[in-house]
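*Asks:*
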Amino acid sequence: MTNDEFFMKYYLTRIVAIAVLLLTSACGSSVIRGASSHRGHSTEQTHPEGSSTTQAKLTASTKNLAQNQPISLAIDIQDSQGKAVTNFDTFQEKTMHLIVVRDDLHSFNHLHPEYKGNGRFEVNTTFPTAGEYKIFSDYKPSGQKEQVSLMTLNVPGSVPLPKDLENFNTTKIFNDTQVKLKLSEPTPKTGKEVTLTFDVKQTANNQPVKGLQPYLGEKGHLVILKSSYPLSTSDYIHAHALKETGDGQIAFKTTFPQPGTYKLWIQFNRDRKVNTADFWVNVL
164 MTNDEFFMKY
174 YLTRIVAIAV
184 LLLTSACGSS
194 VIRGASSHRG
204 HSTEQTHPEG
214 SSTTQAKLTA
224 STKNLAQNQP
234 ISLAIDIQDS
244 QGKAVTNFDT
254 FQEKTMHLIV
264 VRDDLHSFNH
274 LHPEYKGNGR
284 FEVNTTFPTA
294 GEYKIFSDYK
304 PSGQKEQVSL
314 MTLNVPGSVP
324 LPKDLENFNT
334 TKIFNDTQVK
344 LKLSEPTPKT
354 GKEVTLTFDV
364 KQTANNQPVK
374 GLQPYLGEKG
384 HLVILKSSYP
394 LSTSDYIHAH
404 ALKETGDGQI
414 AFKTTFPQPG
424 TYKLWIQFNR
434 DRKVNTADFW
444 VNVL
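Residue numbers (our numbering): 164 to 447.
Structural data, given as C-alpha cells:
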C-alpha cells in the first residue's frame, strides 16, 4: 500500500469514527461493561490468547463527564458468571495496569488503580479532550495468566478533528533527553519477531544516559496499539524489556499480529521521573 493510499484509508476511517462519536457523545453512559480477552503472559510480551474468563464493569463517579475535569473511575472485575474476582497477583509491581487512549491514539495515559477488595479497583484521572476513549485494564487473577479487559467511555464535547499521522520519525527530543528507535528489521513483517531498541541519550553531548532507574520493576515499559477503529483487545500489545542491554539502551522483542500502522509508547525512569516517548511503525 502506498503512503497516499494509506492516508486516504485512514481519513475515511476517521471521518466515520467522528460521525459515530458525534452521535454517541451526548448519550454516553457512565457505566460501561467491557469485553474481556484471555491473554498469554511471557517474559517478552502479552498477546490475546484463548477464551474469555473474566469481565470488567466500569463506573464513573458522575454522569456529567467533561474534558479536563477530575473524575473517579471504579473497575469491578468479575468472572463469567458475574461474581467478583477477589484475588490478584502482582506483576510489574502492580495489581492492575490501566491504559487509557483516545480512539485516534493521540492521547495516552498509564494508570495504576488501587485495589479496594471484592474485585474493585479505583483511580482518579482526567480526560484531556472530548471523544471516545478505550480503557485497557491489564491484570492477573491469582493462579491465572495475565488478562486484559476493554472498556469504552465517551466524553461529551467538541471532538477534535483528525490529525495527520505524525511523520514516521525515529528520534524524539524532550528537555535534556533524546530517544532514538532502532528496529532489527527496517520494515517489520506480520508474524515475524522483531527487536525494538530505544537509545536514550543526553541531548547536550549525545552520550548514552547512564543509571536509568527501574520502572515497574524493569528497565522500561512498552505499550503498542494498532491504529484501527474500533480498537479491540487484539490491537493491544504489552511488551516486556529485555534484561541484558547496555547503558542508555532499552530493548524489547515482539511480533505484530496484523499488517497496519502501530503506535508505540516507551516509558522509562530517568532521575526519578517517568518519561514517555511515542513513535509510529508501519508493518507489512
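We put the beta carbon where it would ideally sit given N, CA and C, even for glycine.
Can you tell me whether DSSP reads S397 as helix, strand or coil?
*Replies:* It is helical.
*Asks:* With burial defined as no fewer than 16 other Cβ atoms inside 10 Å of the residue's Cβ, what is the status of S347: buried or exposed?
*Replies:* Classification for S347: exposed.
*Asks:* If you pair each beta-carbon of the region 310-322 with each one of the region 341-359, do three or more pairs fall below 8 Å?
*Replies:* Result no; under three Cβ-Cβ pairs closer than 8 Å.
*Asks:* Which parts of the region 216-243 are runs of the beta strand (DSSP E), unbroken and 3 residues or longer, counting only runs that do not cross its ends?
*Replies:* Runs of the beta strand (DSSP E) inside the region 216-243: 217-223, 234-242.
*Asks:* Helix, strand or coil for V449? Go by DSSP, reduced to three states.
*Replies:* Any question about residue 449 goes unanswered here, given that the chain covers just 164 to 447.
*Asks:* Out of Q421, T289, N272, P304, which one is the CA nearest neighbour of G280?
*Replies:* Checking every option, the nearest Cα to that of G280 belongs to P304.
*Asks:* Looking at the structure shown, is V130 part of a helix, part of a strand, or coil, going by DSSP?
*Replies:* Because residue 130 is not part of the residues shown, which for the chain are 164 to 447, the question remains open.
*Asks:* Residues in the same chain with beta-carbon distance under 7 Å from S270, minus the five sequence neighbours each way, listed in chain order, please.
*Replies:* Same-chain partners within the cutoff: V264, P291, T292.
*Asks:* Secondary structure at L379, three-state DSSP: helix, strand or coil?
*Replies:* Coil.
*Asks:* For my contact list, T216 and D252 are in at a C-beta cut-off of 8 Å; report their separation, rounded to the angstrom.
*Replies:* Not really, about 14 Å apart at Cβ, beyond 8 Å.
*Asks:* Work out the CA separation of V311 and G197 for me, nearest whole Å.
*Replies:* The predicted model places G197 with a pLDDT of 37, which falls under 50 and marks its position as unreliable; any figure quoted below should be read in that light. Roughly 10 Å between the two C-alpha positions.
*Asks:* Taking C-alpha atoms, which residue in Q244, T366, A223 lies nearest to S235?
*Replies:* The candidate whose alpha carbon is nearest that of S235 is A223.
*Asks:* Compare the C-alpha of T353 against each of Q376, P422, E407 and name the closest.
*Replies:* The shortest Cα separation from T353 among Q376, P422, E407 belongs to P422.
*Asks:* Nearest-angstrom Cα distance between T187 and D410?
*Replies:* Only weak support is given to the placement of T187: the predicted model assigns it a pLDDT of 30, under 50, and the question is left unresolved by the model.
*Asks:* Can you list, in chain order, the residues of its chain whose CB lies under 6 Å from that of G191, leaving out five sequence neighbours each side?
*Replies:* Unreliable placement is indicated for G191, whose pLDDT of 30 sits below 50; no coordinate value is reported for it.
*Asks:* Go ahead and label I400 buried or exposed: buried means 16 or more other beta carbons lie within 10 angstroms of its beta carbon, across all protein chains shown.
*Replies:* Buried is the call here.
*Asks:* With 16 as the cutoff for other CB atoms within 10 Å, does D362 come out buried or exposed?
*Replies:* Buried.
*Asks:* In terms of residues, what are the limits of the beta strand (DSSP E) holding E285?
*Replies:* 283-288 is the extent of the beta strand (DSSP E) around E285.
*Asks:* What is the DSSP secondary structure of K257, counted as helix, strand or coil?
*Replies:* The answer is strand: DSSP assigns K257 an E or B state.
*Asks:* Spatial neighbours of E356 within its chain, please: C-beta separation below 8 Å, excluding the five flanking residues on both sides.
*Replies:* Excluding sequence neighbours, E356 sits near K416, T417, T418.
*Asks:* Cα-Cα, which of Y378, W443, G306 is closest to T249?
*Replies:* Residue G306 is the option with its Cα nearest to T249.
*Asks:* Look at the alpha carbon of K436 and the alpha carbon of E285, and state the distance between them as a whole number of angstroms.
*Replies:* Using only the alpha carbons, I get a separation of about 23 Å.
*Asks:* So which of A440, F337, Y296 has the shortest CA-CA distance to M314?
*Replies:* Closest by alpha carbon: Y296.
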